[in-house]
Structures are given as structure tokens and as C-alpha cells.
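Listed in order, the protein sequences are those of chains Z and A.
Take 0 as the starting number for the first sequence in numbering that gives the first Met the number 0 and just add one per residue.
Take 0 as the starting number for the second sequence in numbering that gives the first Met the number 0 and just add one per residue.
See below for the structure under consideration.
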Amino acid sequence: MAAVKLFMRRKITFVLILLLIAFATVVVKLAFIQFVQGEELQIKAEELRTRDLPVSASRGDICDRNGNKLAISITADSISASPPDVVNSGDAEKSALFLSEKLGLDYDKVLKNITSKKSFVWVKRKVDFDISQSIEDKGLTGINIVQETQRYYPKSSLACQLIGFCGVDNQGLEGVEVACDKWLSGNDGRVVSEYDGIGQAIPQAEYEYIAPTDGYDVYLTIDENIQYFCERELEKLMASDVNPKSASILMMNPKTGEILAMATAPEYDLNDYKSADSSLRRNPLISDSYEPGSCFKIITSSAALEEGTINTSSTFYDPGYVMVAGQKIKCWRYYNPHGSQTLVEAFQNSCNPAFVKIGQSIEAKEEGLFYKYIKAFGFGQQTGIDLSGEASGIMIDQDKLGPVEVATISIGQGIAVTPLQLVTAVSAVANGGTLLEPQIVSKVVDNDGKVIQNFQKKEVRQVISQDTSKLVCSLLEQVVANGTGRKAYIEGYRVGGKTGTAQVAGKGGYVAGKYVASFIGMAPANDPQIVCLVVINEPSGGLYQGGQIAAPVFKAVVEDTLRYMGVTPQVTDDEVNNGNDGASTTVEVPDVTNLTADAATELLDLIGLKVQTKGSGIIVASQVPVAGGSLEAGGTVILNCDNSSTVAGKITVPDLTGKKLSEVAGILSAMGLKLVYEGSEGIAFEQSPQPLKKVTAGSTVSVKFKAIDKDEEAQSVGP
Amino acid sequence: MKSAQANPARQGNLGNPGNPDWWILISVIVLTAIGVIMVFSASQYFATYAPYNDSYHFLKKHSEAAALGFLGMYIAYKMKYEWYKKLSWVVFIPMILLLIFMAASTQIESIGGAQRWLQIGGQQFQPSELSKIALPLVLAKLFCSPGIDVKSFSKGFLPAIIITGGTAGLILAQTALSSSMVVAATGFLMMYCAGVRKRFLTGTLVLGAVVVVAAIIYEPFRVNRIMAYLDPWADPTGSGWQTVQSLLALGSGGLSGVGLGSGSSKLFYLPARHTDFIFSVLGEELGFLGCIFVIVVFVLFIWRGMLVAVKMPDKFGSLLALGIICAMSIQAFINLGVVSGLLPVTGVTLPFISYGGTSLAVCLTMAGMLLNLSRYVKEDAK
């Protein structure tokens, strides 16, 4: 039997070893789980039991340049549910019935939602206050009212395409709301809390609260009032006989590139954006390209004048058409050709053959030069405005630019531009030749009113010289004074502008009977404060010419805007009409500002121009037309002597450079200023204080003179 | 002595009892104490919810079971050794009847797809647990009975396989595959050590494998569990849920754990957190070190128990000790294997530690029997 026992012992030992191996395997597996996979499993476990509940940041306001609120955040009640509590209450069906009735939701969906296996669900977000109140009063277990912030647009449809709107999570979806989302949105905070396996918050668990950072307020460059003027006029236009498909106005301060108004009709209510057709929501002023037509002639002539391929005494002959590479380009008045015209007349007539020749003259000087100017004016590329969805327009490649293309582009056909591009380019013409980046945001301000970012004028490049700029402005003034832009004329203000009428381009050519009428202009023409473009799409009331339907809108808007901005009126109706009667030869108007009225009259009389003096001052503060402008011989120059500086007791120091000692002495004494001079020969080349400085009456102005040679002296005197 | 060894089945006198194996006693007390603490830690949170509404509910019930178990342990320890032989059939036959009743009855409460509890006066009682005591007793008795020849088929193997297979089969009929396997494996190892021929054993293994495969195919939920076992992450919120939650709990523990009572897995994430998956809670709260400590104590218990089996002067005592140790260690291994993802999910408790009145009471009683036997160990026995 001892053998049996020994035999058993060995077997028992073998069983023991088997069991030890089994347990050793468990130990190895545990070590693998707890050390090798440990970290990964721990993170997974944590993810499983922690939930982030967002605490939404209050979205910043959108204001106009003066701080008027255009978009604000208000609190709104949202209905949420805690499904475990709803299920535990045993009243899920009753609650679902009540909620579905109150909120107009499907009963089955509500029931499924509030009894789901989640710890938190939304029943309906952002409901009316009285509805949320009635739900709160009912006191349903597991149904909670949560306060959220909601976007509200106090001016409802004002600048709707510009401002845009937000989604249910306050995320920007369109317009400034999306373009400036980085400033407006702020950073949502969150509550990180632990939940058990059945979705209940763990009582003793640690909560982590990360506070939200509220968004910054964004101040736009637009002015609520100017925006309103524009929208009011557009509304009138839409309701009028013109009855266009849509119409837009874009207004810019040409000196800074700030956009003052950006309006498109038809509009929609931002507080109810969901019911608006998506086509209404886009901002055509930056997103849509169109053929500018004759408005583009401003660009063509600016380039030609800058390059000297034409000048104010150039003449053009219009037989009603022009032949380019075997193709006939007709003038709009081909049935009654303009015949022989001066540059001013060509502008006033908006004569196509003349501008084709102007375009050709640039290309004749140097191949690709015209193209270079178009590029330099910013066409064919985005302007860089802080808005999303900007189009670049359509411009053919330079290697495809043949004679026909040069000809058509000269008159604004065969090129598509965005309204913003055109306004930006014309602003460069208006401001002395500098292309600016358009600005829509003026500043970003935090909750404490601290300015986070200020937007300064951004110069892109100098496109044309100051002289060319002044000249083009005065030509445009003639278009309004006595040309196709006559209907844009505003009593008491000097307005320059250009009409445009183009056919809508469709597949394989132009669409018959569909036009884009436009007018782009600036005011006051001698010192433009605003550049404004009116675009009318597909008018259906018979009239379709820019001069007929767009110019009156421009006039209405610009007139109100100028008065609102406090721009002093300069001339009267009569005077302009007088100035436009006269013979056929034109003369260039010299600069007579800062001269005494007598000296100015003498000088203008010398070159055959009449004078009308306005105001009681002695010194010419401004003149119409401005220096460099053309006037038919015998025309009248209006001298504005109503010098506000003298009235105010403060005197604006005139620009004395280039004038002789005798003239300087006369001007200063007339203004009640004292003269101290160095050198008496030649002309003034340096002065102190600088021109435009305000000084009190009786102040001393020191002027240095230097001798010059005869040629220069002759130039300085005038024509 | 020689006459006693020559006919051990009839020889009740093994000499005067000595001291029990203190290591066994210490390890059992330590494991039970850890069990009480961990049951409280694991159950405290969910016990505050309906229907318990008392965070101490399971602590109280488990403590009661432990007290009852220690009483059983004491009785088993104090009982005269000879009584085990006399009682073996007395325990076994009613247990078989209970199992037959359980399998047949329609009056059984069905919980979690398994009919394992018998409702007696408001207390749930699991008859299959009793088989862990009854089977070692009756098999040890069988192999020491006159007229039994372990080498014979009809006089050795056949009665043993009928008893083992019958018990396992009845438990399997309650859809408790894992408990059935514990019983079957215990019986198998006892047969092996008793000296049943290898070909019979091989045949038994093949038969057992066929039964297990059939049982798995027969119940669709077992197929799902096998799939979940192969890749628990394929469906972490469905069939893989239990394994995934267990791994997440263990993994969160790392070396030294998140601290006793601080675990998160027990917050309704881990299923059967105070019963089958209590080791996961322990692994999370006490870490790898806590796991190793428990396993080392188990191994100590098994090792000392096997020493008793080896050193018992008689075959009955040797086989009984072996059966007791096998039943508990196989169950412990299956539980740890499930918890660590080594084995497919199946519902067995961790001896001494898991909550479960019957299980704890039976385990402690078995430990009492082992302690009783340990007093007769002969160091010079060869």
C-alpha cells in the first residue's frame, strides 16, 4: 500500500503544479492589464464616466462705427431633460404628452428622447418665455429649464447680408457673424463631472468648472444711419416702376477704405433667417461679379491720363462705331454718333469709340500696360476685406488679351468685377491715387471696453498720381454737371460720377432684355469724402440705363449722407448751369484757391473764364471746377469765399508755395496774418506753419523764397 | 499502523489529533476578512438605491453569512473525522434530490438565465454549492469502499463517473455550466489521483469536451460570450460589456490602486461587482499589489491544503483534502480567469471573497473540514 500512497503523492503534486501554473498565468495577465495597458484603460474608464457639459460663452455684440448695436446676445430658455430622473419618476408618458403639446413636437419622439439612455438631452432649445414658464410651472420631474444665450438682431433686417446670422449653438454661419467668429464667439467653458453607470451624477465626485470667456464686441465701419439711407432708397426703388430683381448700394470712405454702408435689397429678417430663401442671404456686393460697363471707363481713362497717352486737350471722333481687328464695336448712340468730342465731352457722352481709343492708346505705348493698370487697381483679385465669400471677379489671362479684348475691357465689357472691387478702385482714383484695402471692422473691444484690436488704413499701392486723380475727379464732375450722370446732381454739392449700363451675361453671350444699371460717384468732387456705387439688377420697368435709374438713387443717398456727415454745401444750382453754357474750346482751370478773390478773378479773366463769387470772404477757399479740371472757354468758375476759418476766429493757413512775394503778401494781409520772409526773389518754397494748420488771427507766417529760372517761373504762373 | 493502512476504509482511528495547520486557518481568515471589506466597498454605493436603500445592506448580509460559515467551519473542524465517511452519502443523496428537484421544478425563480437558487423561508439557497462538499466526500468514500477496484472499469471507474457525471449533469441542467465544470473537474482530478486508468480518463476528457461544446452551442448566450471573449472590444457596450468593464477597472488600478473605497467601476459600471467581479473592484482599489496579495494567500491555502492531502495517513483523507482543494482552487482560477479576460465570462464566485451566503458558508465549512484533516497529518508518512 505504501506504493499506492507514493503513486498518489506524485499525482497530487502534479495537480498542485498544474494549479500553480494556472494561477501564475493569471498573475501574468494581471500584470499585463495593470501595467502595460493600465494607462490606456484608465483613460478609457475616465472618458466613460466623465461628461463635459458646455457652459456657453456670451457672444460679443456687433455694433456700427458709433457703437449702435446691430447684433446682441440675449438669454433664452431651453428645455432639457435628465432621462434617468424622468424614468424614475414614472411619469414619462405624462411628461412627454405635456411637452409635445406645449412645444408642438411629436409625442413619440419626445417620449423616446426623454427616456433615452443618456444623462442629458435637449427637448427643445430656445423657446418662447411664456412656454418655458408654463413648463416650469408644471414642475415635471427630470424636465429642466436651462438658460442659454441667443442671438438677437435689434434692427432685424438692417445690413442683413453683411451681418449674417448664427446657428443654434451660437456659431457664426454667414456674414460678419462667421467672418469675425474668432472675436465674437469667445471660449465656451465647461463643467466636467463624473457620472455613474446609470447616468446619475456621482454625489461625492469632484466637479471641475472651467469658466467661459465671453466674446469681444466687434465695431464695424458702417454707419447705421447711412446704412439706413441706402436701404430706404433701395426699398423705394424696389417698390417703384423700375421693379428690379435686386439692387445694391456700397459706400466707402475713399480716404480710409472704410465701408460706410453695404446694402442690398430684397432683405430678410435676421431674427427669422430660416424662413428666408438662401439666395437672399448672400452678399452680392462682395460675392457676385458683374460687367461694370461704362463705369469702368474711369479706370481706362485714369490709366491713360497717368501714362500721358491722352490729355485734357485730346479730341476724339465718333462715327458711331469703332472697328477693332475686323470687329465692329458700336457706340451706345450709334444711331446719332457723337462726332468730334473733347475728353470732357467723351466722358459726358460716355462715348464707347472714344474710350476704346483711350484704351488702345495705353496698349500702344507699351504692350500689357493697360492690363498692368487693371491689376494695379485691384481687379481680378480679392480686395482682402475681412469678410468671407469674397469673389475675385473674372479677368482673362494676359496672354489671351488681344486687340478686341483691349477694346471691350476699355468700355467695361469682357471683364467681371465685384461691386467692392470697383468701389475700391474708384476710391483710389478719388483719394489721390492710393489703392486701399477695404475695411469693414473698425475695432474689436473686450468686455471692459478695452480695445483689443484697432484697424488702421491699409495702403496697398499708389496706382496713379495725385494730379491724375484730381483731373479724373473733375472730369467725373462734368459727367454729373452736364452729361449722362445729370440725374445724380445734388444741389449745393460737387458730385462726380459715371453711369454704367451693361447687359447681363448668360450662357454663350448676353441675355436680351436683361441689364445691370449702375452709377458710381464721389462727393464732394474736389475732396471726396464718400465713394458710392449703386447697382440695379435686371430692372423690368422699361428704363434700364444707369443714368436714368441708378443716378437718382445715388443722388438721394449721397445727398442725405453728405448732410448727415456735415459736409458743407459749396455751390448752387444756378451757378453750375451758368458754368455750363459756353463755346466749344476747353481750357484747363488753374488753381486759384487761397488767392484773394480779386487776384483769382484777374487770373481767370486772363484765360477767358468768368467768375462767380460766393460768400463774403476775401480768400478763395475752394473752386469749382477744381484745379486741373476742364471748362469750355467762357465758362464760369465758382469761387467759394465763404471761408469758415475766418468766421470761427481760427484761420486756416493757405498753401503759399510757388507764389511770388507780392501774391503772398496780398493773401496773408487779406486773411489778417503777418508775413515774415527770407529772400525776396523768385517763389515761395517753404513756409511755417504748414498749410491747413489752424492759427489765430494776427499770427505770423514765415515764408522762404528762392530765385528760379525763367522756364520754371513761366510754368508756375499757369497756362 | 500497518493494519490500519492495510484496510483504511474500515479503520477510523488515525491516532490522536494534533494541531491544525495554522497557515490554512490564517489564510482563510485573511481571505474572508478581505471579502467582507471588499463586499462592503463594492456594494456600498449601489446598495443605497432601491430595493436595498441601505448602504450597509450587503455588508450585513455578508457578515451574517461569514458568521454562519465560521460556525460551519467550527462544526466541521470539531466533528469526529470518522463521521465524514459516515456522512458522505447522507449529504450526497439529499443534495442529488435537491438538484433533481431544481432541474425539474417549475417553481424555481429564474435569475439571469440561470436557475440556481432555492427559495427557503425568504432565504435564497444554492444547492449546487453543496455539491462541492458532497462530491469530494462521496468520491473519497467510494474509492475506499470494499469491492471497489480503481483499476477496474465496472468496479472503479463506472461508479465514479456516474456519480461525478450525474452531479455535473444535474447542475448543467440548471444552465450553470461553470459550476458544473468545477464539479466535473474536481471529480476528474480525484479519479486521476485515486489511480483510475489513463484510457478511462482520456475517454472522460473527450466526453467532457463534447458535452461542453454541446452545452455552448445549445445556449445562444454562451456563443455570444465566446465571441465577446475573443474580442471584448468589438462590442464594448453589448456582449463585451462585462469583460471590458472588468479590464477598465483592473487597468485603472495600476500598481497600488486608487485607494480602498475610491474605485469608480462599482458605480453601476461593472456588473456583478460584489459577486462574480469583486476581484475587479479589488484590482482597481488596491492595484496589482492587492491582487498579488490575494493570489499569494490563495496559493498558500492551496499549497498547505495539498500538503495535507499528501501527508494524510489514509487514502480517504487524502482524496477528501484533494477534492476540497481542487473544488475551491478550480473555482478561484475560473473566477480570476474571467475577471482578467483569460476565460469567457461565466458566473462563478471567488471563494471566501465574493458576496454570496451559500458560497461563503460552504467554503468556510470546507475549510473547517480541511483543518480537521490537517490535525492527522503524519510528517513521516511515506
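Backbone N, C-alpha and C define an ideal beta-carbon position, used for all residues, glycine too.
What you are looking at is a predicted structure, and each value in this text was computed from that prediction instead of being measured.
For residue i, which residues from the same chain have a beta carbon less than 6 angstroms from its beta carbon, with the 5 sequence-adjacent residues on both sides left out?
i: Tyr208 (chain Z); result: Val190
i: Gln43 (chain A); result: Ser54
i: Gly431 (chain Z); result: Gln465 and Ser468
i: Ile329 (chain A); result: Val181 and Ala184
i: Val422 (chain Z); result: Leu249, Met251, Val530 and Leu532
i: Gly120 (chain A); result: At Gly120 (chain A) the pLDDT is 46, less than 50, meaning the model places this residue with poor confidence; the figure from the coordinates comes in the next sentence. Closer than 6 angstroms at Cβ, skipping near neighbours: no residue.
i: Ser115 (chain Z); result: Pro82
i: Lys554 (chain Z); result: Ala487 and Ile489
i: Ala158 (chain Z); result: Gln226
i: Glu389 (chain Z); result: Ile285 and Gln381
i: Cys325 (chain A); result: Thr185 and Leu188
i: Ala706 (chain Z); result: Glu680 and Gly681
i: Gly171 (chain Z); result: Cys165, Val177 and Asp180
i: Met0 (chain Z); result: Because Met0 (chain Z) carries a pLDDT of 45, less than 50, the predicted location of this residue cannot be relied on, and no value is offered for it.
Who are the near neighbours of residue i in its chain, counting only those whose CB is closer than 7 angstroms to its CB and skipping five residues on each side?
i: Gln326 (chain Z); result: Val403
i: Phe128 (chain Z); result: Asp76
i: Phe97 (chain Z); result: Lys137 and Leu139
i: Leu247 (chain A); result: Ser264
i: Ser62 (chain A); result: Val35
i: Ala95 (chain Z); result: Tyr106, Val109, Leu110 and Ile113
i: Lys101 (chain Z); result: Ile130, Ser133 and Ile134
i: Glu92 (chain Z); result: Leu110
Based on the DSSP secondary-structure assignment, which residues constitute the bridge partners of residue i?
i: Met251 (chain Z); result: Z:Ile258 and Z:Val530
i: Thr595 (chain Z); result: Z:Ile618
i: Cys726 (chain Z); result: With chain Z covering 0 to 718 only, the question about residue 726 (chain Z) has no answer from this structure.
i: Trp735 (chain Z); result: Nothing can be reported for residue 735 (chain Z): it is not among the residues displayed for chain Z, which extend from 0 to 718.
i: Val337 (chain A); result: Answer is none; Val337 (chain A) lacks a bridge partner.
i: Phe287 (chain A); result: BP columns for Phe287 (chain A) are empty, so no partner.
i: Tyr289 (chain Z); result: Z:Val416
i: Tyr370 (chain Z); result: Partner(s): none; Tyr370 (chain Z) has no beta bridge.
i: Thr635 (chain Z); result: Z:Lys609
i: Ile68 (chain A); result: For clarity, residue 68 (chain A) is Gly in the given sequence; the question names Ile instead. Looking at the DSSP assignment, Gly68 (chain A) forms no beta bridge with any residue, so it has no partner.
i: Ser178 (chain A); result: According to DSSP, Ser178 (chain A) bridges with nothing at all.
Return the chain-ordered list of same chain residues with a C-beta closer than 8 angstroms to the C-beta of residue i, the five sequence neighbours on each side being excluded.
i: Val515 (chain Z); result: Tyr289, Glu290, Gly292, Gly499, Thr500, Ala501, Gln502, Val503, Val534, Ile535, Asn536 and Glu537
i: Glu685 (chain Z); result: Thr656, Val702 and Lys703
i: Ile291 (chain A); result: none
i: Leu40 (chain Z); result: Ile32
i: Val347 (chain A); result: Ser177, Ser178, Val181, Asp275, Gln330, Ile333, Asn334 and Val337
i: Leu18 (chain Z); result: none
i: Gln106 (chain A); result: In this prediction, Gln106 (chain A) has a pLDDT of 41, which is less than 50 and means its spatial position is unreliable; nothing more can be read from the coordinates.
So residue i and residue j are in contact, right, with Cβ under 8 angstroms, and what is the actual spacing, rounded?
i: Thr600 (chain Z); j: Val588 (chain Z); result: Rounded, the Cβ-Cβ distance is 13 angstroms, inconsistent with contact.
i: Ile113 (chain Z); j: Val145 (chain Z); result: In fact, because the Cβ distance is near 14 angstroms, the residues do not count as touching under 8 angstroms.
i: Thr274 (chain A); j: Gln125 (chain A); result: Thr274 (chain A) to Gln125 (chain A), Cβ: 12 angstroms. No contact.
i: Ile323 (chain A); j: Met365 (chain A); result: 5 angstroms
i: Gly471 (chain Z); j: Leu304 (chain Z); result: It should be pointed out that residue 471 (chain Z) corresponds to Val in this sequence rather than to Gly. Right, the Cβ-Cβ distance comes to about 6 angstroms (below 8 angstroms), so this counts as a contact.
i: Val353 (chain Z); j: Asp317 (chain Z); result: It should be noted that the sequence gives Ala, not Val, for residue 353 (chain Z). Right, the Cβ-Cβ distance comes to about 6 angstroms (below 8 angstroms), so this counts as a contact.
i: Gly17 (chain A); j: Leu363 (chain A); result: Contact doesn't hold; Cβ gap of about 22 angstroms is too wide.
i: Thr595 (chain Z); j: Ile666 (chain Z); result: 6 angstroms
Hey, is residue i close to the ligand ZN, as in C-beta under 7 angstroms from one of its heavy atoms?
i: Met368 (chain A); result: As far as ligands go, the structure on display features none, and thus does not contain the ligand ZN.
Quiz item: If you measure beta-carbon to beta-carbon, which residues of the region 271-300 of chain A are closer than 8 angstroms to chain Z?
Solution: Under the 8 angstroms Cβ criterion, the region 271-300 of chain A contributes Gly282, Gly286, Phe287, Cys290, Ile291, Ile294, Phe297 and Val298.
Exercise. Please list the segments of the alpha helix (DSSP H) lying wholly inside the region 210-261 of chain A, counting only runs of 4 or more residues, in order along the chain.
Key: 219-229 and 240-252
Quiz item: In chain order, which beta strand (DSSP E) runs of at least 3 residues are fully inside the region 99-175 of chain Z?
Solution: 120-126 and 142-151
Practice problem: Kindly provide the ranges of any beta strand (DSSP E) runs that are 3 or more residues long and lie completely inside the region 426-509 of chain Z, ordered along the chain. | Solution: Correct list: 433-435, 440-444, 450-453, 458-461 and 495-505.
Quiz item: Using Cβ-Cβ distances below 8 angstroms, what residues of the region 3-34 of chain Z are close to chain A?
Solution: Val3, Lys4, Leu5, Phe6, Met7, Arg8, Lys10, Ile11, Thr12, Val14, Leu15, Leu18, Leu19, Ala21, Phe22, Thr24, Val25, Val26, Lys28, Leu29, Ala30, Ile32, Gln33 and Phe34
Quiz item: What residues in the region 122-143 of chain Z have a beta carbon less than 9 angstroms from any beta carbon of chain A?
Solution: none
Exercise. Note down, in chain order, all residues in the region 331-363 of chain A with a beta-carbon under 9 angstroms from any beta-carbon belonging to chain Z.
Key: Residues Ala331, Phe332, Leu335, Gly336, Val338, Ser339, Gly340 and Leu341.
Quiz item: Can you list, in chain order, the residues of the region 261-283 of chain Z whose Cβ is nearer than 8 angstroms to any Cβ on chain A?
Solution: none
Quiz item: Unbroken alpha helix (DSSP H) runs of length 4 or more, entirely within the region 296-358 of chain Z: which are they?
Solution: Listed in chain order, the complete alpha helix (DSSP H) runs (minimum 4 residues) inside the region 296-358 of chain Z are 296-306 and 342-348.
Quiz prompt | Contact set between the region 159-187 of chain A and chain Z, restricted to residues whose Cβ is under 7 angstroms from the partner | solution = Answer set for the region 159-187 of chain A: empty.
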